[in-house]
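Heads up: the sequence shown begins at 1 in the UniProt record's numbering, then just goes up one per residue. Glycine is no exception: its CB is placed at the ideal position from the N, C-alpha and C atoms. Just below is one structure, and these are the notes that go with it.
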Amino acid sequence: MEEAFPVAGVEGWEKKEPDMRNDPKDRNVVAAAVAAEATVIVTSNIRDFSNLPDGIVAMSLMNSFRKSSRKVQRRRSRQSRLKQPRTGDRR
């Protein structure tokens with residue numbers, strides 16, 4: 001992972017791990033999310049990511065794609081409205 005995404009590393013998560021209350025085998029992931037100030041953990045294993053710290057939610061990859069898709073659609077719609085030339089007198 002470090003080779004593929006060298007800037008994705010998070011430091012200082014080890015100190016936070018004992019305070020995490022989710023599934024013990026996934027506490028390192030939540031500790032890293034806290035250290036990175038992340039707001040979303042995307043996972044295929046939602047059930048092990050309950051009892052998360054405030055400000056962090058876990059979502060499935062599909063939900064992540066749906067949310068992203070809706071954001072893109074809204075942005076395109078806004079851009080389309082902004083690009084349309086004015087017709088008539090709009091004062």
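Query, Result
"Opening and closing residue of the beta strand (DSSP E) in which V36 lies", "As written in the sequence, residue 36 is Ala, which differs from the Val given in the question. First-last for A36: undefined, no H or E at that position."
"Bridge partners - V57, DSSP secondary structure assignment", "V40"
"Exposed unless 16 or more other CB atoms sit within 10 angstroms - verdict on V34", "buried"
"For E11, three-class secondary structure by DSSP", "coil"
"Straight-line Cα distance separating S60 from I46", "7 Å"
"Cβ-based neighbour list, V57, same chain, cut-off 8 Å, excluding 5 preceding and 5 following", "T39, V40, I41"
"Straight-line Cα distance separating E11 from M1", "15 Å"
"Simplified DSSP state of D26, which is helix, strand or coil", "helix"
"Residues near E17 by beta carbon distance below 7 Å, same chain, minus five either side", "R27, N28, A31"
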